[in-house]
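Reviewing the structure listed below.
In our numbering, the protein residues as written are 73 to 309.
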């Protein structure tokens with residue numbers, strides 16, 4: 073489960089400054105921190121910034137504010153949030169996700185996430201931040217008047233993440249413009265590189281983990297020392 077995301081524009085360098093990322097750099101807030109929570113309480117105004125390719129605008133990239141809860145429906149007053157818990161997309165074999173997985177894949181740029189784990193009867197919350205921007209895979213739905221809803225994709229638990237969350241693992245995307253171009257292309261229904269990543273999820277960023285009281289204030293729990301999760305890219309060198 074991924075239930076908290078933040079993006080700190082001051083952490084965008086150095087990878088986002090490379091020339092091949094020039095098309096994506098405008099979608100990372102400069103010198104600004106933004107935080108996002110799922111639409112708990114059926115609040116459609118709980119949105120998250122997501123990048124997609126707009127097939128109605130010659131495939132150009134654009135950033136949208138999508139309700140962070142895939143199961144929404146349109147009304148004359150705007151989006152309404154459904155009852156099905158869908159801020160994460162896990163069982164991708166389900167017909168529920170089939171169309172979006174083939175045609176409506178998005179990217180959420182982030183520098184930090186929140187994960188939690190029930191230890192005994194106590195919920196432990198962990199704030200995980202990277203020194204650089206990383207990318208998360210998302211699925212979205214588009215409604216009238218350019219309204220969107222979305223879910224962040226999760227896969228089976230990753231061994232490095234299980235001490236902090238042992239039920240699922242957010243789908244990190246390679247910080248590669250070539251891969252992101254494939255991922256965001258609405259005309260590509262399937263691709264070997266996408267299939268491989270979905271079946272072999274990896275921890276691409278190095279994450280600094282600290283147990284906190286809440287994600288909002290990030291006050292460290294002194295009883296839990298910080299831990300660093302090393303990127304799989306480094307471990308595999």
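Beta carbons: idealized from backbone N, C-alpha and C, even for Gly. Just so it is clear, the structure is predicted and the values come from calculations on it, not from any experiment.
8 Å contact criterion, which residue i and residue j should meet: CB distance rounded
i	j	result
residue 131	residue 177	Not a contact, Cβ separation roughly 13 Å.
residue 221	residue 138	6 Å
residue 298	residue 284	Going by Cβ atoms, the distance from residue 298 to residue 284 rounds to 11 Å, so no, they are not a contact pair.
residue 257	residue 125	6 Å
residue 227	residue 243	6 Å
residue 179	residue 247	With 8 Å as the limit, residue 179 and residue 247 do not qualify as a contact, their Cβ atoms being about 10 Å apart.
residue 241	residue 229	5 Å
For residue i: DSSP bridge partner residues
i	result
residue 209	179
residue 138	120
residue 151	146
residue 199	186 and 282
residue 300	280
residue 106	79
residue 160	224
Under the three-state DSSP convention, the category residue i falls into
i	result
residue 125	strand
residue 191	strand
residue 174	helix
residue 113	helix
residue 87	helix
residue 131	coil
Buried versus exposed, by CB contacts within 10 Å (16 or more), residue i
i	result
residue 197	buried
residue 267	exposed
residue 237	buried
residue 183	buried
residue 105	exposed
residue 213	buried
residue 157	exposed
residue 95	exposed
residue 161	buried
residue 201	buried
residue 103	exposed
residue 191	exposed
residue 166	exposed
residue 80	buried
Ignoring anything shorter than 3 residues or poking outside the region 201-287, list the beta strand (DSSP E) runs there in chain order.
-> The region 201-287 contains these whole beta strand (DSSP E) runs: 219-227 and 279-284.
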